[in-house]
Amino acid sequence: MKGHLQDTKTAPRCVVLIATPTAKVRGQWTQALKDMYTVLDVGERGSLDRSLADLKPDVLLLDLALHRLGGLEGVQAIRQLSPETKIVLFARSPNAKEGISLLKAGAWGYCEKAIEPLRLRKVVLMLQQGEVWVKRNLIPHLIGELARLTRLRTKDSASHEARLRSLTPREREVVLLIGEGVNNKKIASRLMITEHTVKAHLTTIFRKLGLSGRVQLALLANESGRGPISPTGWDDRSAGEPQGSTRPKSN
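Whatever position you read off the sequence shown (first residue = 1), add 1395 for this note's numbering.
Structure follows, in structure tokens:
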């Protein structure tokens, strides 16, 4: 395992673990991120498991080509090794079905492997801010999945409501806003609290509900009848910046 570590006298930076069998990609991603983050990289599955268990990185950038277990099982295995790590998965040819499955399993992002360096930095920044990152062409499929869950939610609504009752009133307010697709900055503004406090609430909510990501929480909010979501962090190439909870623009 190789890494680029910050001066120990400075404040701790976000730790990013890069996991891909492609040496060229490891080099490119490390070069793109090393000035902003503490970056470590691995090239095989055994090293990935050891690094997750020992380091508990803040963010994992994981090439699906590294996974012998497959994407969905891999996300679940990673969550067991390092529950707090935010996982972004990279595919050579991303597809909607796989993306939806991975996001529901707890991934925080799903991207194409041939990602531009500047966009990769934006992905990690969005995760630091508590947002998810998906390509715009996944939006219709996410909406379709939410519609399907809405049709099915009558049967399970009571159990979802019971889970949400374990939250404090303030935490339930945060869940409601997440279900509406509101990003952290706007949640802070609406509730008149800081973004740091919003992130602290989300950490507690994820722990209480046994969830690993924002998409899972938004789906739970929708399943319990708390309204639709509009996921944040769209990969909006036409705008040049990831968007918040506004209605997605067409490319």
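The beta-carbon is built from N, C-alpha and C at its ideal position, and this holds for glycine as well.
Just so we're clear, the structure is a prediction, and the values are computed from it rather than from any experiment.
Would you call the region 1444-1453 and the region 1416-1425 in contact, with 3 or more CB pairs under 8 Å?
no
Distance, A1509 Cα to I1600 Cα
Residue numbering aside, residue 1600 sits at position 205 when the sequence shown is read from its first letter. Residue numbering aside, residue 1509 sits at position 114 when the sequence shown is read from its first letter. If I take the Cα positions, the gap works out to 34 Å.
DSSP has G1647 in a bridge; who is on the other side?
Nothing about residue 1647 can be reported from this structure: the residues present for the chain run from 1396 to 1646 only.
Take L1572 as the anchor and find which of L1520, H1596, F1485, R1558 has the nearest alpha-carbon.
Position 177 of the sequence shown, counted from the start, is the residue given in the question as residue 1572. L1572 has its Cα closest to that of H1596, out of L1520, H1596, F1485, R1558.
In chain order, which continuous runs of the beta strand (DSSP E) of length 3 or greater are located wholly inside the region 1442-1503?
1454-1458, 1481-1486
So, is P1489 buried or exposed, given that buried needs 16 or more other C-beta atoms within 10 angstroms?
The count along the sequence shown starts at 1 and reaches residue 1489 at position 94. So P1489 counts as buried.
Within this structure, are the beta carbons of L1456 and V1411 separated by less than 8 Å?
Taking the sequence shown and counting its residues from 1, one reaches residue 1456 at position 61. Taking the sequence shown and counting its residues from 1, one reaches residue 1411 at position 16. It is a contact, given that the beta carbons lie within the stated cut-off.
Between the beta-carbon of F1485 and the beta-carbon of E1468, is there less than 8 Å?
Position 90 of the sequence shown, counted from the start, is the residue given in the question as residue 1485. Position 73 of the sequence shown, counted from the start, is the residue given in the question as residue 1468. In this structure, E1468 does not lie closer than 8 Å to F1485 by Cβ.
On a Cα-Cα basis, can you pick out the residue from K1492, L1537, V1420 that is closest to N1617?
Position 222 of the sequence shown, counting from 1, holds the residue named residue 1617. Measuring from the Cα of N1617, the nearest candidate turns out to be L1537.
A1583 in three-state terms, based on DSSP
For the purposes of this step, residue 1583 is taken as the residue at position 188 of the sequence shown. Looking at A1583 - three-state DSSP - the assignment turns out to be helix.
Report the start-end ranges of each alpha helix (DSSP H) in the region 1416-1441 that is 4 residues or longer and not cut off at the edges.
1418-1428
Roughly how many angstroms lie between the CA atoms of E1526 and K1581, to the nearest whole one?
Counting from one through the sequence shown, the residue named residue 1526 turns up at place 131. Counting from one through the sequence shown, the residue named residue 1581 turns up at place 186. So the two alpha carbons sit approximately 12 Å from each other.
Could you check how far apart the C-beta atoms of P1512 and Q1423 are, in whole angstroms? I think they sit under 8 Å.
Residue numbering aside, residue 1512 sits at position 117 when the sequence shown is read from its first letter. Residue numbering aside, residue 1423 sits at position 28 when the sequence shown is read from its first letter. Right, the Cβ-Cβ distance comes to about 7 Å (below 8 Å), so this counts as a contact.
State yes or no: is the C-beta of V1570 within less than 8 Å of the C-beta of L1559?
Position 175 of the sequence shown holds residue 1570. Position 164 of the sequence shown holds residue 1559. Yes, the pair counts as a contact, with Cβ atoms nearer than the cut-off.
Taking Cβ positions, are A1460 and R1516 nearer each other than 8 Å?
In the sequence shown, the residue the question calls residue 1460 occupies position 65. In the sequence shown, the residue the question calls residue 1516 occupies position 121. No, Cβ-Cβ distance for A1460 and R1516 is not below 8 Å.
Apply the 10 Å Cβ neighbour rule to T1480 and answer buried if 16 or more other Cβ atoms are within range, or exposed otherwise.
Along the sequence shown, read from residue 1 onward, the residue named residue 1480 stands at position 85. Label assigned to T1480: buried.
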